[in-house]
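K.L.:
2 protein chains.
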Amino acid sequence: MLKNSEFVSKLRNSGLRPTKQRLKICEVLFNRDKTFHFTINDLAKNISENFNEKISLATIYNTVHAFKDKGYLKEITISSDKSYFDTNITKHHHFYDEDTNLLIDCNDNEIGKVDIKNNITGKKIRSVEVLVRVASDTQNQN
Amino acid sequence: MLKNSEFVSKLRNSGLRPTKQRLKICEVLFNRDKTFHFTINDLAKNISENFNEKISLATIYNTVHAFKDKGYLKEITISSDKSYFDTNITKHHHFYDEDTNLLIDCNDNEIGKVDIKNNITGKKIRSVEVLVRVASDTQNQN
DNA sequence: TCAACAGTTTAGAATGATTATAATATAAAT
DNA sequence: ATTTATATTATAATCATTCTAAACTGTTGA
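Rendered as structure tokens:
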């Protein structure tokens with residue numbers, strides 16, 4: 475659990491002014507014990523339901539993108555119409571439960587290191603992401 | 475290289491009528507030596523530039539989705555605004571070159587088998603996909 | 001062969017998520 | 001305090017995708 479003043483310096487250190495709205499969003503996103511996976515829509519709903527003050531949707535978009543650009547959030551794209559953000563910015567992989575539409579973080583107990591034997595010549599690896607889609611046995615495979 | 479009559483039976487076998495438009499799209503997608511990675515936009519452009527007859531954009535969307543549902547295409551989502559389709563429907567992974575926006579298929583020489591040690595209880599694994607993002611050394615990491 | 005039907009295509013309208021705009025408000029610097 | 005740069009906001013604009021409903025086509029079987 476982080477304090478408000480810690481968010482203020484976090485924002486200042488990355489050249490973002492600590493506005494009321496950004497601090498509120500920090501609180502919602504980062505004042506948690508566990509990682510948080512959310513869509514823009516989830517976040518907007520969370521804020522409007524749990525707080526009196528409303529934050530404009532444009533600001534929510536701007537802030538989430540600013541946080542992503544500053545490296546405070548990772549984006550995980552499941553399909554063309556489902557994009558999640560993740561407060562866990564360490565290197566890790568995901569399970570995606572197609573029954574519940576929930577993302578689940580993996581750690582090294584679950585997925586071993588990916589063995590990349592040959593990279594493209596002259597290129598540097600920026601990221602390696604594994605997505606394991608799961609569903610209950612009864613559902614149709616596609 | 476497949477023949478027109480082979481596309482006709484392919485379509486019939488999966489309950490799709492072999493219409494002029496679908497056969498044209500088959501020809502563009504599957505009459506190739508190498509796998510083809512494309513966006514809907516790429517495909518529409520390809521058809522309008524290389525053929526006299528034009529196919530409505532709605533038909534292109536419908537057909538690509540029908541082919542995907544029937545298992546003739548795989549969809550690979552790179553980010554919320556970039557979705558590719560792949561004519562290679564075998565299990566395989568991808569490099570994504572951020573400089574050129576090009577997808578490159580991997581085979582077992584490039585990425586070893588992903589070691590999944592523990593799956594979610596009661597769930598079945600539907601797919602395992604690795605995406606390796608690469609870029610030239612000089613570019614900013616994000 | 002040809003009618004009848006179900007499935008398909010089409011142009012254009014509708015949708016919905018995201019981004020742009022430009023006026024107002026706020027934070028920081030002087 | 002005043003100024004300046006930045007941020008927020010409501011609303012409009014954009015753009016990819018999907019929907020609609022009318023016209024068209026492939027298939028079936030009499």
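As you go down the protein sequences, you meet chains E and P in turn.
With the first sequence counted from 1, adding 474 to any position gets you the working numbering.
With the second sequence counted from 1, adding 474 to any position gets you the working numbering.
Every residue gets a Cβ at the ideal spot worked out from N, C-alpha and C, and that includes glycine.
Which chain P residues sit within Cβ distance under 8 Å of E:I599?
P.N.:
Going along chain P in sequence order, the residues near E:I599 (Cβ under 8 Å) are V606, R607 and V608.
K.L.:
Please name the residue or residues paired with E:S557 in a DSSP beta bridge.
P.N.:
Answer by DSSP bridge pairing, in chain order: E:T551.
K.L.:
Would you decide whether E:F510 is buried or exposed? Buried here means 16 or more other CB atoms lie within 10 Å of its CB.
P.N.:
By the neighbour-count rule (16 or more Cβ atoms within 10 Å), E:F510 is buried.
K.L.:
I believe E:G586 touches P:D582 by the beta-carbon criterion, under 8 Å. Please report the beta-carbon distance rounded to the nearest angstrom.
P.N.:
With 8 Å as the limit, E:G586 and P:D582 do not qualify as a contact, their Cβ atoms being about 16 Å apart.
K.L.:
Tell me whether the beta-carbon of P:N592 lies closer than 8 Å to the beta-carbon of E:E584.
P.N.:
Yes. Within cutoff.
K.L.:
Which partner residues does P:L605 have in the DSSP bridge list?
P.N.:
According to DSSP, P:L605 bridges with E:E603 and P:H568.
K.L.:
Just the C-alpha distance for E:T531 and E:V502, rounded to the nearest angstrom, thanks.
P.N.:
According to the sequence as given, residue 531 of chain E is Leu; it is not Thr. Rounded to the nearest angstrom, the two C-alpha atoms are 15 Å apart.
K.L.:
State buried or exposed for E:Q615, treating a residue as buried only when at least 16 other CB atoms are found within 10 Å of its CB.
P.N.:
Reliability fails at E:Q615, whose pLDDT of 46 lies under 50, so the model's placement of it is uncertain and the value that follows must be treated cautiously. The residue in question, E:Q615, is exposed, as its Cβ has fewer than 16 Cβ neighbours within 10 Å.
K.L.:
What is the DSSP secondary structure of E:Q613, reduced to helix, strand or coil?
P.N.:
Any reading at E:Q613 must be qualified, since the residue scores a pLDDT of 49, below 50, and its modelled position is unreliable; the value itself is stated next. E:Q613 falls in the coil class under three-state DSSP.
K.L.:
Closer than 7 Å by beta-carbon distance: list the chain E residues that pair up with P:I578, in chain order.
P.N.:
What P:I578 touches in chain E: I594.
K.L.:
So for E:K494, helix, strand or coil by DSSP?
P.N.:
Reduced to three states, the DSSP call for E:K494 is helix.
K.L.:
Our contact map puts P:V606 next to P:F569 with C-beta atoms below 8 Å; I'd like the distance itself, whole angstroms only.
P.N.:
Yes, P:V606 and P:F569 are in contact; Cβ-Cβ is about 5 Å, under 8 Å.
K.L.:
Cβ of E:T551 less than 8 Å from any chain P Cβ?
P.N.:
Cβ-Cβ to chain P under 8 Å: yes for E:T551.
K.L.:
Does P:D560 pass the burial test, meaning 16 or more other C-beta atoms within 10 Å, or should it be called exposed?
P.N.:
Classification of P:D560: buried, given that the 10 Å Cβ count is 16 or more.
K.L.:
DSSP beta-bridge partners for E:C580?
P.N.:
According to DSSP, which records beta bridges pairwise, E:C580 is partnered with E:H567.
K.L.:
Go ahead and label P:L577 buried or exposed: buried means 16 or more other beta carbons lie within 10 angstroms of its beta carbon, across all protein chains shown.
P.N.:
Under this definition P:L577 is a buried residue.
K.L.:
Based on Cα-Cα distance, which residue from P:L497, P:S488 and P:D571 lies nearest to P:D477?
P.N.:
Sequence check: residue 477 of chain P is Lys here, not Asp. Answer by Cα proximity: P:L497.
K.L.:
Taking all protein chains shown into account, decide if P:T595 is buried (16 or more other Cβ within 10 angstroms of its Cβ) or exposed.
P.N.:
It counts as exposed.
K.L.:
Below 8 Å on C-beta distance, what does P:K591 contact in chain E?
P.N.:
Within 8 Å Cβ-Cβ: N583, E584, I585 and G586.
K.L.:
Which residues, in chain order, does the segment 514–531 of chain P contribute to contact with chain E at a C-beta distance below 8 Å?
P.N.:
For the segment 514–531 of chain P, which is checked against every Cβ of chain E, not one residue is closer than 8 Å.
K.L.:
Where does P:Y546 land, buried or exposed, given buried means 16+ other C-beta within 10 angstroms?
P.N.:
Looking at its Cβ environment, which holds 16 or more other Cβ atoms inside 10 Å, P:Y546 is buried.
K.L.:
Taking the straight line between their C-alpha atoms, what separation do you get for P:R506 and P:I499?
P.N.:
Computed Cα separation, rounded: 12 Å.
K.L.:
Taking the Cβ atom as the reference point for each residue, do E:D543 and P:K597 lie within a distance shorter than 8 Å?
P.N.:
Contact: no.
K.L.:
What residues match up with P:H511 in a beta bridge as DSSP calls it?
P.N.:
For P:H511, which the question treats as bridged, DSSP gives the partners P:D560.
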